[in-house]
Amino acid sequence: MATIKGRPFVSLVAVALSLFLIATTAKLTMGKGKALFVSDGFYYYAYTVSLMLDRDLDFSNQYQFNRGRGNPAFAYIVPETGRPANQYGIGLGLLWLPAFAATHLVALMLKALGLPLSASGYELYYELPTYLWSFLLGLAGMYLLYRLLTELFEHRYAFWATIGIMFGTALSNYAFLHANMSHWVSAACSVAYLYAVYRVYRQPSDVHWWLISGAALGLAAMVRYQNAALGVLLVGLLWQLLREQKWRNLVVGLTAHVFAAVAIFLPQIFAWQAIYGESITNPYGSYVRWLTPNFSYIAWLYAYSPLLLLATWGFFRQFPPTVPMTFLVSVTLALLVQLYVNCALPEVGGYGVRRMTDFFPYFGVALANALRVLDELVKKQISPITTFSAVGVNWLLIAGFYLRQLLSGGRFHF
């Protein structure tokens with residue numbers, strides 16, 4: 001059965017890798033110089049290089065390679081420590097370490113054999129394997145989404161919903177064109193938490209899944225701080241355990257969950273201490289508008305990813321009995337909280353209200369349901385054509401975005 005489940009996803013991976021290789025080749029020939037880690041990605045990558053090569057969190061060496069890669073305003077010197085700032089989370093830099101370390105080992109071996117290789121970490125032969133690894137991490141998250149959906153819906157709806165989220169929304173821009181930024185991997189971490197929490201819903205007495213889900217939340221928050229708000233996924237489960245008076249499961253499970261989340265988040269606390277001189281801080285400053293969020297950003301969410309309109313409709317249709325009601329309510333609540341948090345952030349630059357793409361996979365639950373309901377209403381299997389149409393529209397929007405940049409003669413951010 002596992003083999004049958006996996007076969008459709010194998011074909012999806014083959015298509016995704018082919019598209020990624022084509023896009024990366026285009027990026028290297030048409031993009032911003034010959035560098036892959038630019039914009040926000042430059043600062044995430046600085047963690048990886050500094051930790052591996054310098055064994056510290058002083059980015060003085062790394063920022064010398066900026067040269068237009070990232071916004072220099074983010075590299076100011078912190079008065080309390082005398083070190084260059086880095087407002088971005090350390091989580092993505094840590095996740096990139098395995099690929100970077102393996103590449104560094106190969107580079108040192110080739111250098112020992114007499115090849116004239118430099119080892120600053122900013123050569124293309126360092127960046128390319130790490131960039132590929134970043135894409136594969138996101139792909140692993142999409143596999144978890146597919147696995148989760150196969151437990152909730154028929155396989156075909158799980159498959160088409162996964163394709164829809166991956167290829168038919170603005171998330172695909174950050175998967176195939178900007179894997180150096182955090183959004184693609186952050187989406188994978190969000191899915192990992194969603195999947196682990198679902199396992200807790202199914203087995204609330206199994207403390208292992210409480211620990212795993214807590215660890216997933218801590219990791220997701222390290223990659224992007226606002227992912228910490230995904231913790232509301234537990235609300236439905238906690239209510240269920242309270243109602244059923246399963247006090248032991250509630251206390252032991254929640255304690256394990258919080259412990260694991262904090263333990264995994266510790267590297268971020270140590271990083272803040274090293275960079276800013278404070279264990280708990282807000283590197284972005286006090287510009288978040290908690291009391292006056294701009295909810296008009298939600299309109300842009302649907303403008304860039306119209307397939308999410310269908311997914312939203314799916315939330316209002318009856319779900320199959322395989323979807324636990326408390327879990328569904330929690331997923332809906334998590335989406336609403338993320339929408340609020342991201343609308344409270346005053347800047348949503350980049351393509352597709354990019355901060356919101358991190359939680360797009362959560363729409364996958366409702367999208368699978370919407371495709372199922374559509375097939376039942378028309379008494380035909382129109383989910384494939386619906387999904388492919390959405391994918392086509394999505395890539396036309398992406399192509400139009402970059403074509404306008406190219407024709408305007410302005411900054412071609414590709």
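For the sequence shown, the positions run 1 to 414 when full-length UniProt numbering is used. C-beta: ideal position from N, C-alpha, C; glycine also.
Query raised in the report: Does the beta-carbon distance from residue 111 to residue 117 come in below 8 Å?
Result: Yes. Within cutoff.
Requested in this report: Spatial neighbours of residue 324 within its chain, please: CB distance less than 6 Å, with the 5 preceding and 5 following residues excluded, ordered by chain position.
Outcome: Correct list, in chain order: 201.
Query raised in the report: Taking just the CA atoms, how far does residue 101 sit from residue 54?
Result: Rounded to whole angstroms, residue 54 to residue 101 spans 13 Å at the Cα level.
**Report entry** Rounded separation between residue 9 and residue 343 - CA only
**Finding:** Taking the straight line from one Cα to the other gives about 34 Å.
Requested in this report: Under 6 Å Cβ to Cβ from residue 49, same chain only, skipping five residues before and after it: list those, please.
Outcome: Counting only Cβ-Cβ distances below 6 Å, and skipping sequence neighbours, we find 62, 121.
**Report entry** Opening and closing residue of the alpha helix (DSSP H) in which residue 181 lies
**Finding:** Where residue 181 is concerned, there is no enclosing alpha helix (DSSP H), given that its DSSP letter is neither H nor E.
Query raised in the report: Is residue 298 helix, strand or coil when you go by DSSP?
Result: In this structure, residue 298 counts as helix in the three-state DSSP scheme.
Query raised in the report: Who are residue 77's beta bridge partners in DSSP?
Result: Within the DSSP bridge table, the entry for residue 77 names 84 as partners.
Query - Reduced DSSP secondary structure (H/G/I, E/B, other) of residue 390 - result: Residue 390 falls in the helix class under three-state DSSP.
Report task. Just the C-alpha distance for residue 276 and residue 232, rounded to the nearest angstrom, thanks. Result -> C-alpha separation (whole angstroms): 29 Å.
Query raised in the report: Would you call the region 219-231 and the region 352-361 in contact, with 3 or more CB pairs under 8 Å?
Result: Between the region 219-231 and the region 352-361, the count of C-beta pairs closer than 8 Å reaches three or more; the two stretches touch.
Query - Cβ separation of residue 180 and residue 134, assumed to be a contact under 8 Å, to the nearest whole Å - result: About 7 Å separates the beta carbon of residue 180 from that of residue 134, a gap short enough to meet the 8 Å contact definition.
Query raised in the report: Less than 8 Å separating the beta-carbons of residue 305 and residue 169?
Result: Closer than 8 Å, so yes.
Query raised in the report: Between residue 23 and residue 165, what straight-line distance do the alpha-carbon atoms span, to the nearest angstrom?
Result: Near 18 Å, if we compare the C-alpha coordinates of residue 165 and residue 23.
Query - Entirely enclosed alpha helix (DSSP H) segments - the region 64-148, minimum 4 residues - result: Those alpha helix (DSSP H) runs which fall completely within the region 64-148 and span 4+ residues are 91-112.
Requested in this report: Give the C-beta separation of residue 88 and residue 44 to the nearest angstrom, bearing in mind that I take them to be a contact with Cβ-Cβ under 8 Å.
Outcome: About 5 Å separates the two Cβ atoms, so the contact holds.
Query raised in the report: Which full runs of the beta strand (DSSP E) of 3+ residues lie inside the region 288-339, going along the chain?
Result: Counting only runs of 3 or more, we get nothing.
**Report entry** Rounded C-alpha distance that separates residue 428 from residue 378
**Finding:** Within the shown structure, residues of the chain are numbered from 1 to 414, placing residue 428 beyond reach of any answer.
Query raised in the report: In three-state terms, what does DSSP make of residue 281?
Result: In the three-state scheme derived from DSSP, where H, G and I count as helix and E and B as strand, residue 281 is classed as coil.
Requested in this report: Can you tell me which of 390, 391, 38, 371 puts its alpha carbon nearest to the alpha carbon of residue 382?
Outcome: Just measuring C-alpha positions, the residue of 390, 391, 38, 371 sitting nearest residue 382 is 371.
Requested in this report: Could you say if the region 215-229 and the region 390-406 meet the contact criterion of at least three C-beta pairs nearer than 8 Å?
Outcome: These segments do not touch.
Query raised in the report: If you draw a straight line from the C-alpha of residue 415 to the C-alpha of residue 35, how long is it?
Result: Lying before the first or after the last residue shown, residue 415 is absent from the chain, which here runs from 1 to 414.
**Report entry** Top-ranked residue by Cα proximity to residue 185, from 125, 155, 262, 96
**Finding:** Among 125, 155, 262, 96, the Cα nearest to that of residue 185 is on 96.
Query raised in the report: Short check: CB of residue 188 to CB of residue 138, under 8 Å?
Result: In this structure, the beta-carbon distance from residue 188 to residue 138 falls below 8 Å.
**Report entry** Buried or exposed (CB count within 10 angstroms, at least 16 for buried), residue 376
**Finding:** It counts as exposed.
Query raised in the report: For residue 366, which three-state DSSP category applies?
Result: Three-state DSSP puts residue 366 in a helix.
Query - Inter-residue spacing [alpha-carbon to alpha-carbon] between residue 19 and residue 38 - result: Taking the straight line joining both Cα atoms gives about 20 Å.
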